[in-house]
Structure formats: C-alpha cells, structure tokens
Amino acid sequence: MSNIQSSCAYCGVGCGVTVSLNTGSYKTGLPAAEAQKSVDELFGDQAHPANKGQLCAKGERLLESLVQPNTLRYPKLKSGKPTSWDSALSTIAETFTQTIAEHGPDSVAFYLSGQLLTEDYYVANKLAKGFIGTANVDTNSRLCMSSAVSGHMRAFGEDVVPGCYEDFELADVIVLVGANSAWTHPVLFQRMIKAREQRGTKIVVIDPAKTATSSQADLHLQITPGVDYKLFNGLLQFIADNDATDSNYVEAHTQGFDELLAHLSKDKLSYDIDSLATELGLTSSELIYFYQLFIGSDKVMTASCQGVNQTLSGTDTTNAMINCHLALGHIGQPGSGFFSLTGQPNAMGGREVGGLATQLACHMGFSDPERELLADFWQVNNTKSVIATEKGLTAVELFDAMTEGKIKAVWVMGTNPLVSLPNTAKIKQAFDTCPFVVVSDITQDAATAKEADILLPALGWSEKCGTVTNSERMITRQRGFIPAKGEAKADWWALAEVGKLMGFESAFEFSNSAAVFKEFAQLSKTVKARFPEKQFDLTGMSELTDAQYDALLPTQWPISTPSQLGQSNQRVFQTGTFSTASNKAQFIATNDNQSTEIVSKHQVKLNSGRSRDQWHTMTRTGHIASLRASIPEPFIAIHPVKLQELNLSEGDLINFNDSNKHASARVITDDNQAPEIAFMPMHWSSQFSIGLGVNQALSSAYDPVSKQPAFKCQTVSISKVETALQGVILGEHDPAFKGACWNVQHTLSTGECYHIAFADAEQGFAFQSTAYSLKWTVSLISQQLIHVQCNINKGLLVSLKLLSKTQVEVALEPLHLLIGKEVDTGLMQQLHQLIRAGNSPLICACTGVTEAKIQDAMLQKLDNMVFSKRSSEVNAAINQDDFDTALNETQSALGCGKQCGSCHSEVVQCASDIWLIGLEDMGLETAALSNQDTDGKQKQRKSTQEEVA
3 MSNIQSSCAY CGVGCGVTVS LNTGSYKTGL PAAEAQKSVD ELFGDQAHPA
53 NKGQLCAKGE RLLESLVQPN TLRYPKLKSG KPTSWDSALS TIAETFTQTI
103 AEHGPDSVAF YLSGQLLTED YYVANKLAKG FIGTANVDTN SRLCMSSAVS
153 GHMRAFGEDV VPGCYEDFEL ADVIVLVGAN SAWTHPVLFQ RMIKAREQRG
203 TKIVVIDPAK TATSSQADLH LQITPGVDYK LFNGLLQFIA DNDATDSNYV
253 EAHTQGFDEL LAHLSKDKLS YDIDSLATEL GLTSSELIYF YQLFIGSDKV
303 MTASCQGVNQ TLSGTDTTNA MINCHLALGH IGQPGSGFFS LTGQPNAMGG
353 REVGGLATQL ACHMGFSDPE RELLADFWQV NNTKSVIATE KGLTAVELFD
403 AMTEGKIKAV WVMGTNPLVS LPNTAKIKQA FDTCPFVVVS DITQDAATAK
453 EADILLPALG WSEKCGTVTN SERMITRQRG FIPAKGEAKA DWWALAEVGK
503 LMGFESAFEF SNSAAVFKEF AQLSKTVKAR FPEKQFDLTG MSELTDAQYD
553 ALLPTQWPIS TPSQLGQSNQ RVFQTGTFST ASNKAQFIAT NDNQSTEIVS
603 KHQVKLNSGR SRDQWHTMTR TGHIASLRAS IPEPFIAIHP VKLQELNLSE
653 GDLINFNDSN KHASARVITD DNQAPEIAFM PMHWSSQFSI GLGVNQALSS
703 AYDPVSKQPA FKCQTVSISK VETALQGVIL GEHDPAFKGA CWNVQHTLST
753 GECYHIAFAD AEQGFAFQST AYSLKWTVSL ISQQLIHVQC NINKGLLVSL
803 KLLSKTQVEV ALEPLHLLIG KEVDTGLMQQ LHQLIRAGNS PLICACTGVT
853 EAKIQDAMLQ KLDNMVFSKR SSEVNAAINQ DDFDTALNET QSALGCGKQC
903 GSCHSEVVQC ASDIWLIGLE DMGLETAALS NQDTDGKQKQ RKSTQEEVA
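Under our numbering, the letters of the sequence shown match residues 3 to 951, in that order.
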C-alpha cells in the first residue's frame, strides 16, 4: 500500500487529495484497466493547508470520474478516422506555418483552460507569444476571473490576491459578494462557518437571490441586481463621513483618495442613506447596520465571485470593494482585505504564465523593456520570430474574429467553448467558418471536440504531472497515479513537438514537466531581478532538481529562497509597498453602468451559474450517477409572482426567444429568486440534452475593462413549449428520439434513462411502440394518468416507457433494476408499486439521503418528543431546542449535511418544512421557535424557515 499526494480537479480552493494505491502503481507499467483497479481509495490530504483533509461531494467522487463513457485514446481526424501522432503533429505544424506565411501571425489563435497545468500553459504561451508572435492566446479564465484581474491591476499594479485562506478564520466580519460559496467553494465556506463557531465571526452575504450561503449568513442584503458598486461607493463615503479612514495609511501608501471622493460627489454616485437604500432595494436600517458593522470591526474580509465578475460592471465593482479596504488600511493585513474567489483549479497558474491575451509571462505586460527581457530569456532574437507587440484578442473577440474569417487556425485545449461561451449560435458559426480547428481533450463527446479537424487525446487529471496554483497563491503538485489511456499525451509535450516542427527546436527541448517548471521559475527570477516591484516571485524554486520537483510540498508564493519551500499563510503588500510605478495603491473611480432596460411581462433577467453537484459542461461529472441525482434535468428557477405574469406553472417546459421548437429547461417555482430574476445552471449542452443550454439565450456583451462576458442579469424572452405527453424511457431507446421536443440523458447507478416529451400525442404513443408492446394506463390517487409501455424480448423487459400529460414523478433507480428481468406477475406488481410510490428528491449527494428520509426521521423525532412530554405531564409545547435536538440527531443518524457541508442549508430547509407541517397536523402550539442571534438581530433565512420562526 502506498499513498500519492495530488490536488483536486475542480474549483479554485485547490484542495489536496491523497490517493491510496494497492500493489502495482503508476510506475509499474500496468495496463490502464489493471492500474485503475490498483487504486484503493481517495480522501482529503490532512496536511494540505487549503483543505486540511476535507473534500466536497465532487472531490470525494473524483475516482468515479476516471471511467469516461467515451474516452479519447488516439488522435482522430474530422472524419472520425484515427491517425498517428506524427501525422497529426506534422499537419498542425505545416498548417500553422502556411497560415502564418499567408495571413500573418495574428491569423493563428489558442484558446486555453484553467484545467490545464501551469506547465501546459507556459509552453503554449511561449510558442504563441514568443515564437509565432501573436498574443491571440486567451483562456476560459476570461469567463470567470478577468474582472478581478483587471481590478487587481488597476489598484495594485499587478494581478495579486493579497491575502490567504487563514484570513477568513481571523476575520471579525466576512462579506461575501455575489458568491454562493456554500455550493461553489464548500470546503472554504466550512472554514468560515467554523470560524463563526469558534470566534463569533459575522457572515454577511450580498446577493439578489436567497441561496444556500445566504441561508447560513448572519445578514443577507438582497440588493437590486447590478448595483453592488453603488453599495461600496456609498460605504466609502460613509467611511469618510464618519472619520473611519486610516489617514496615515492613505497618505503614505495610496493615491487618488481625495479625487475619488470628489468624483463620487460630482457624479452623484454616493447619496444620502435613504436615497441610496432605496436604489439598492434595501431598508435604511439594513444599510446603516451593514456600514456600521464594516467600519466598527477591526478585521473585515470581503470576497467576491462570479456574481460580481460576470457583470457589465465587474471590474468597477471589484475596485469599489478594494477602495473601501484601502481607505481602512486593510490590504495585506491578517484577517482583512479583499479576496477574489477563483473558479477553476489552475486559473491562477494560467495568469502567472501569461495565459490571458492581455498579459505576458510572470505578470509582465507589453512594454518595450518587458518584451525585451522576454525575448532575451527565450532567445527569440536568435530566430526570425518577434515577441508579440501588443495585447491579443480576448475570448469573445477571438471567436468574433473566427466568424469574420480573420482567424484561420485555432487550437482549443481542455475547454468546451461551444457550450461555455455566450451566444452559442455565433460560436458554432465561428467553428464552421474557421478553416483549421485543433482540439485537445480527454473525451470525444464534448460539443467542441466534434468541431475539430484534428482531435488530440490529452492526459486526464489522474494521468498528468505538473503544478497548479489555487486562489491563495498556493502551488501544489498534481501527480499522476495511473498510466495514460491509449496514446494520450501531455498538453505541454504536444505543444513543444509542434514548436520543434515549426523550426524552433532548441526552444522546446523539454525532457519532462520538471524541466518546463524550472524554466518558468528561472524566468520569474530574471523578471524579479529586473522589475523588483513585482510581487510574483519563484526565485526560490528556480534550481529545483527533478527529485525536488517530484517531492515538492504545497508552497505559497512569493518564494525568494529555497528555505521558503512549503510555506503557507503568507500575505502580500503588508508593508504598503505596491507594484505600481509610484509603489502606491490606486483609488479607482467607477462608472455608472447600471442597466436601465425595462423587463416586459414575457421577459426575465436571466442569471446562469453552477449547480451544487456539477462542474462546467459536465464532461467530467455528467456520467456520475450520485452527482446527477439531485438535478436530473435542465431547469429554470422563477419567482412565483413572475410565473403568474408569464402564465407558466411548475413543471412546464420553456425555450428562449422562440429560438426553436425544442424545450431548453423545465420550470421550477422558487421564491428565493427576486421577482424579475430567473436562474438556470450553466452545465447543460447538446451532449446531455436536446436543448442547447443557457448560453444560447445570452448575448456576448462584456465588461468594457476586463472584456469578461456578462452572464448575469441579461434580459431574455421566455416561451412555453406546449406538450401533449411527457415522461421517461428506461432500457433500450431510439437514439434519434423522433418527434421529441424534450430529451435529456440521465445517468443512473446501473445505466441511464431519458426524460422525454412530445408536442404530438400520437408521436409520443408511437415512439418505440411495436405490435408486441404491452400497453396500459395506471390512475394515481392524484388523478394523474400514467401510460405504460413495456417492450419485451425473449420474455425479458428490455424497454419501459412512462408517459403522462404532466411530469412523471417516479423513483428511477429501482425502476431501472427491472430492465432485463423476466416479465411475470411479480414484476408487474413491483412496477405498479413503484409507479404509485412516486419519487423523493435527493438532498445530500455525499450520503444519498433523500427528502423523504429526512422527513420520516424528523416526524419520528417529533412523535417521540410529544409522546415523552405528554407521558411525563410536562408542558407539551415544542420549542426551538426541541427542533435543534431533532435536527442534530437526524443529521448524525443519516449523515446528511455532516460531510462536505454544501447541502446543510437544504437539510435544514427540509427539516424545518416538515417540522412545521407535523406541528400543524398535531394541532400543537409552538413555543417561540426563534432564529435570533445573541445580539437580538434576526438572522436572514429562507422563507420557509422564516415561517417556522
């Protein structure tokens, strides 16, 4: 038995994982199938500073992601025909060379991913910006982090996150802005919750919607969408008006404070409290309480995520938040400052090597001295190449240029832009127009992979070796532990081979990933020596041997000496010296970018974002049954008031802008959304659904500074898709789904099923119907009619179709177990029982606990408590302590909400709802169930939990 330490493949928290191997390991050269059997288990790395042994539901199921349904094992051509690596690489090199000769270096582009390792990123940027001579190299980090990057650079002079995760444990107040951290960064959020338990930290959530995070907050400011920057502009004015400014710090270490206050006054971007509160959608008392809490606390951490970044004012909002912390002298101080929560495992590493089109490596820009340094280091002057002279095209611009025919060749690596970028139709047009498309991926099922002229098999998370950098600047080694599948290769290797074939042999002679990292660290040392004001520094890693690289512990930069290897909890800018020309931080004035667009009765402001248990476009998580169980179909969540206005009901199917006859999402009623706001997960695509996903409805509008697309609060039209029949099919199915207007693949633990719907009843009944099909109708107590069709082959059930006029609610896992069994009276009886039993939603993905299990347990606890109190002749009133006891015992018994914690709010919600129903059914009085904190200020909870109180 041996253990390998690596890093998680998902969010920017950058959790460490330990993989336990049985006899036979990566180095033994076992076949992939056998090597995979040698993996015993995976668990959180107790010694890793980021997670200290904790993992979320996705992280706990990393091993389940290894067996992809359609793994890409060999290079392929557009026709689907396999080809050799030699042929593929030669074609790429020749086509790129010819394209550059005919149309110039800017006719070639690369689109990269936060899923790549730092070493992959480095070689891609060296090839493109150093030797091809184009800065048309962007990354999907543009879609999630570039507004934070721009905010950092404007304020600090460099893209640096000043603080570390420990600051959340030291803070008196944590302010989460546009961040549903309980779902998106659950392990870090649990550290915040523990800080509250241990030292009384206040958690404030600023979000237009009630979320799993806001339900656990001490204060939820449910502000009007798109006005966050005004909230913080008002706070800055409040700081100044109440003499809370750290005048000595502002004078010694910043510039532009007085000018900013004058700008706010002149442009009326700060108001009196009552006027501002009205514009923000808050009460004056809420606003004053928040402002006083902020300036009255010694240590305040403000963290933001996509709710800020993915807006038209993302950069300005970031700077508005940073302005407040600069005024208080908070930047770089323990427990204080601004923190950008990163979305991907190596978005930070990509930024360090110049992964964005607006940067060069090691946090350099495109000034002549910076370009000259890079040219000398890479010895570009020894070739006919020239370092890229100016910023390149960002993501939206790059694909626009493909559509316009300006980009003639593109290489997409580790990402799925046909699904993840806004304006799906235009992205499809871009791929159709571009003469030469190369895609590197681990699966051939991704929508973008199907657009490739050459499709290259990349190493997956469990196979590749390199480094990643998380949100707190922690560099972690990612270590492979199973052999590559088929002929899959490292991305850095493929890029280097193309570089050599294009005539740059000496620049790309890397023997392994350690050699790539060492060159990167040596470049950092050179940059730091020439530009000492820059904070990014890997000097202490510049002489690592291969053995030291292999054994590297998680290490937080800056690292100036080898003695700092393994360090954590480091902060930047503590002395007040910044990376700007003046070495002073800059106060940045913001612009009024609030949308004045009026939402008609057929429209909503649409937000997209993550679901709790899924990742990006589901190519890694969509085939894992336990992660699909909680949300099996694409949905759109709409407030009940808006539903009435739209003339929609729970369970209806809709599409956007009358875009097609197929449905895009199923409606769910959600009073956690603001009345005119709707929410739809970003994960769905044609790989899993006949609908094209949420981005088909969104325009390519972006923040004018960062050029990050605005995925939040876009006005879209919604139309109901009329259906005659809808339901589910299990077992054998016709992959064409002729006549269906709704078709969603759903992975089960023993196979898969499909959720289906038909606009025409005859087509629905005829779907997969044969002369030998058994058909009948079941009438439920609710009066719903379920039309059943069984297809039988040699006496065995091979296909089961259930249809109804409305949504069919059944437990799919036990139904699927009937497939392949002999059709007899016993099976028919079991089938009828399952149809009549209905279904219970999954609440906890870690333990598989459903809503019904929590309800049953809570009602049993309530019965026992009432019986006990009546038997002992004590006051039978049920109080808050009784509820808390019942909830704690239920969670302890079932395990729900006690694992990664991301479902805690849903568990409490479910328990609260059934507790109230149970009390009403028993006709009991309730003794002051309260959600009051120790100061008497009412906590903000979900609406159903407020009813309990």
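Don't be surprised by glycine CBs; every beta carbon is placed ideally from N, CA and C.
Where V868 sits in the DSSP three-state scheme: helix
Helix, strand or coil at A759 [DSSP, three-state]: strand
Sub-8 Å separation of F133 and T385 beta-carbons: yes
Rounded separation between L802 and I692 - CA only: 21 Å
Identity of the residues DSSP links to D140 by a beta bridge: Y113
DSSP-derived helix/strand/coil call for M155: helix
Beta-bridge pairing of Y704 - partner residues as DSSP gives them: P711
Simplified DSSP assignment, three categories, for A219: coil
As assigned by DSSP and simplified to three states, the class of N384: helix
Inter-residue Cα distance where the pair is A929 and K807: In this prediction, A929 has a pLDDT of 47, which is less than 50 and means its spatial position is unreliable; what the coordinates show is noted afterwards. Spanning the two alpha carbons is a distance of roughly 44 Å.
Per-residue DSSP class, three states only, for R668: strand
DSSP-derived helix/strand/coil call for I409: coil
Stretch pair the stretch 492-506 + the stretch 110-128: three plus CB contacts closer than 8 Å: yes
Sub-8 Å separation of K823 and L798 beta-carbons: yes
V470 and P634 closer than 8 Å at C-beta: no
Residues of its chain near Q675, where Cβ-Cβ distance is below 7 Å and the 5 sequence neighbours each way are ignored: A211, A639, I640, H641 and F681
Under the three-state DSSP convention, the category H789 falls into: strand
Length-filtered (3 minimum) beta strand (DSSP E) runs lying within the stretch 609-654: 637-640
Other residues of its chain near L284: CB distance less than 7 Å, five sequence neighbours each side excluded: L223 and I225
Buried versus exposed, by CB contacts within 10 Å (16 or more), P683: buried
Inter-residue spacing [alpha-carbon to alpha-carbon] between T592 and V812: 52 Å
Contacting residues, own chain, Cβ-Cβ under 8 Å from P816 (five flanking each side not counted): L836
CB-CB length for N321 against A157, believed under 8 Å: 6 Å
Buried or exposed (CB count within 10 angstroms, at least 16 for buried), P556: buried
With 16 other Cβ atoms within 10 Å as the buried cut-off, status of D884: buried
Residue span of the alpha helix (DSSP H) that contains Q192, given as start and end: P188 to R201
Nearest-angstrom Cβ-Cβ length linking G2 and A359, presumed shorter than 8 Å: Given a span of 3 to 951 for the chain in the structure shown, any question on residue 2 remains unanswerable.
CA-to-CA distance, G766 to T319, given in whole angstroms: 50 Å
Cβ-based burial, S874 [other Cβ within 10 Å; buried from 16]: exposed
Rounded C-alpha distance that separates V412 from F401: 10 Å
Whole-number beta carbon distance between G352 and T141, since they are thought to touch under 8 Å: 5 Å
8 Å Cβ cutoff met for S17 and L64: Note that residue 17 is Cys in the sequence shown here, rather than Ser. Not in contact: C17 and L64 (Cβ atoms no closer than 8 Å).
Proximity below 8 Å, CB of Q312 to CB of F713: yes
The ligand NAP heavy atom lying under 7 Å from the CB of D230: The ligand NAP is not among the ligands present in this structure, which contains no ligands whatsoever.
Start-to-end residues for the alpha helix (DSSP H) that takes in A913: H906 to M924
Cβ-based burial, R838 [other Cβ within 10 Å; buried from 16]: exposed
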